[in-house]
Amino acid sequence: MKDTIVALITPLGRSGIGVLRLSGANSLSIVRKLTFDPEFSPKPRFAHLKKIFDLETLEVLDETIVTYFKAPNSFTGEDVFEIACHGSPVILRQILDFCLKLDARLAEAGEFSLRALSNGRMNLSQAEAIRDLIDAQTVASARQSIRQLRGEFSAELQPLKDDLLNVIIVLESAIEFVEDDLPEFQTENIRIKLTEIAVKVGKLASTFRAGKLLREGLKIALVGRPNVGKSSLFNALLGHERAIVTDIAGTTRDQLHERLVINNIPVSLIDTAGLRETTDTVESIGVERSLRIMADADLVVVLLDGSQKLTEEDRQILTQTSEYPSLIALNKLDLGAFNEQFYEEINRAHLNSQIINVSAKTGEGLNELQKAIVEPFSLQDTEQTGFLVSDARHHDLLLRTKSEIENSLSLLEQKMSEEIVLIGLHNSLRYLGQITGETTTEDMLTRIFSTFCIGK
Ligand SMILES: Nc1nc2c(ncn2[C@@H]2O[C@H](COP(=O)(O)OP(=O)(O)OP(=O)(O)O)[C@@H](O)[C@H]2O)c(=O)[nH]1
Ligand SMILES: [Mg+2]
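Positions 2 to 457 (this note's numbering) are the ones given, in order, by the sequence shown.
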């Protein structure tokens, strides 16, 4: 029998209520002791107002609402209690400590979900969906997680697994019963079926670009020489004064990261230290970091001061960034129209980059800039409505499945024996099973659930 685990399932901090969850066969006896009510027989799924006592001083610790979910009808499939206490970190800590004294163990990261999985309450991709739902940064990404949680992904995979299994059965029985090779029409049928499965798996895998984008979003770096207005633009895009702005060149020393959402896409916006040769130690570390961030960003927004002539530093930055996906923003439009020569010179350095005129000061051009930032990443209509694979693990398994099937197909065409063809098909079935967890090994599960947090 598994031990009883406990954890705080709401964030630690002051709040109206904070909820502790106990799961395991001893939950009821622990709650009876906490409430000093040895006869307590809670009605499942009903809220019970109960006092919880300090086990040492016998004083009332808190008045709580206790809800019992009787096995197997609970999140984990075990006996579960959720104790809604007042959201005081001190009280929560004490009650948690008493649970530990009464022989509950602190739940590990993802352990509630892991138990739900092993008790058949959900499959692996559904458990991962809960993790992703909690981590979702946008409505669109949360919706995708809900779809996965409701079993949409598993439902897409099931017919593929069934088809694959049917092919495997035909080939296996050919080994057992057919003296000669499989008749031609049967081989042809298998070929058609396998091609169909590979295409469908490939299609699912191809939704990952959009899925990853909705889930992880974009890293956008604002770069340029000092004083062109990077921090001003950063603040303008965020809509509040986050970064320090002064007319002193070299104001920003470290990077600032902030999140915003543009067109449903989560964006991590990075303000950087202005790029220039400098002898100042702190500033030069900042410059060093700016260079690294550029290489790491999905898009570099190169900011130039349009009210002045291009400087040697600007030219250097244009050359440095020409290799990266980038767009140019000409700032300080409020100071007057920009010089045509500017555009010509920029175009020479950055053949394919779009140029947007903005004023961080007045906000002019900001909408165009936002549009231009997400445009190269924008989603097709089907990507807005269909189910998207958003987990790198799932994507990897789909690609492996596809390549194993394609490999088997080519072996089939080379008229290799059924045993040889079957190897790849068995592998693909195993890979598909790893997505939903039927064929996942213990250490894989440990690795996956370590990405969950305590209380999930
Ligand atoms: N007129 C005008 N002034 C601006 C605009 N954007 C920024 N400035 C001014 O330009 C100066 C520098 O702005 P910052 O945003 O600190 O420039 P930065 O690129 O972050 O500079 P460093 O952090 O030193 O690299 C400040 O005095 C801003 O008020 C703009 O659109 N129009
Ligand atoms: Mg700055």
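Cβ coordinates follow ideal geometry from the N, Cα and C atoms, glycine included.
Counting every other CB atom within 10 Å of its CB across the protein chains shown gives PHE82 a total of 16 or more, marking it as buried. Across the structure, LEU234 and ASP104 are spaced so that their CA atoms are roughly 56 Å apart. The Cβ-Cβ distance between LEU331 and ILE294 does not fall below 8 Å.
Here the distance from the Cβ of ALA274 to the nearest heavy atom of ligand 1 is below 7 Å. Excluding the 5 residues flanking it on each side, ARG290 has same chain C-beta neighbours closer than 8 Å at ASP255, GLN256, THR273 and ALA274, in chain order. Among the bridge pairs identified by DSSP, TYR325 is matched with none. For PRO160, no beta strand (DSSP E) encloses it; the enclosing alpha helix (DSSP H) starts and ends at 153-178. Counting only residues of its own chain and dropping the five nearest sequence neighbours on each side, VAL303 has a CB closer than 8 Å to the CB of VAL224, GLY225, ILE318, LEU319, THR322, SER327, LEU328, ILE329, ALA330, HIS351 and SER354.
In this structure, VAL288 has its beta carbon at no less than 7 Å from each heavy atom of ligand 1.
Distances from the alpha-carbon of THR65 to those of GLU189, LYS71 and LEU35 put LEU35 closest. Between ligand 1 and GLY225, a heavy atom-to-CB distance of less than 7 Å is present.
Within the DSSP bridge table, the entry for CYS86 names GLY19 as partners.
CYS86 sits buried, since 16 or more C-beta atoms from the chains shown fall within 10 Å of its C-beta. The closest CA to that of GLU129, considering only SER391, LEU433, GLY434 and GLY218, is found on SER391. Annotation for ARG132: the continuous alpha helix (DSSP H) segment containing it runs 125-136.
Residue burial annotation: GLN127 is buried, with at least 16 other C-beta atoms found within 10 angstroms of its C-beta. Between THR402 and LEU433, the CB-CB gap stays under 8 Å.
Fully contained in the segment 417-448 are the following alpha helix (DSSP H) runs of length 4 or more, in chain order: 419-437.
Judged by DSSP in its simplified three-state form, VAL246 adopts coil rather than helix or strand. When secondary structure is reduced to three states using DSSP, ILE10 falls in the coil class, being assigned neither helix nor strand. Under the 10 Å beta carbon count, PRO45 is surrounded by fewer than 16 other beta carbons and is classified as exposed. Shortest gap from the CB of VAL229 to any heavy atom of ligand 1: under 7 Å.
In its chain, beyond the 5 residues on either side, ILE66 and THR68 have a beta carbon closer than 6 Å to the beta carbon of ALA48. Contiguous alpha helix (DSSP H) elements confined to the segment 312-395 occur at 313-322, 341-350, 367-375 and 382-386, taking only those with 4 or more residues. In this structure GLY25 is buried. Its beta-carbon is surrounded by 16 or more other beta-carbon atoms within 10 angstroms.
Under the Cβ criterion (8 Å, minimum of three pairs), the segment 133-140 counts as touching the segment 207-226.
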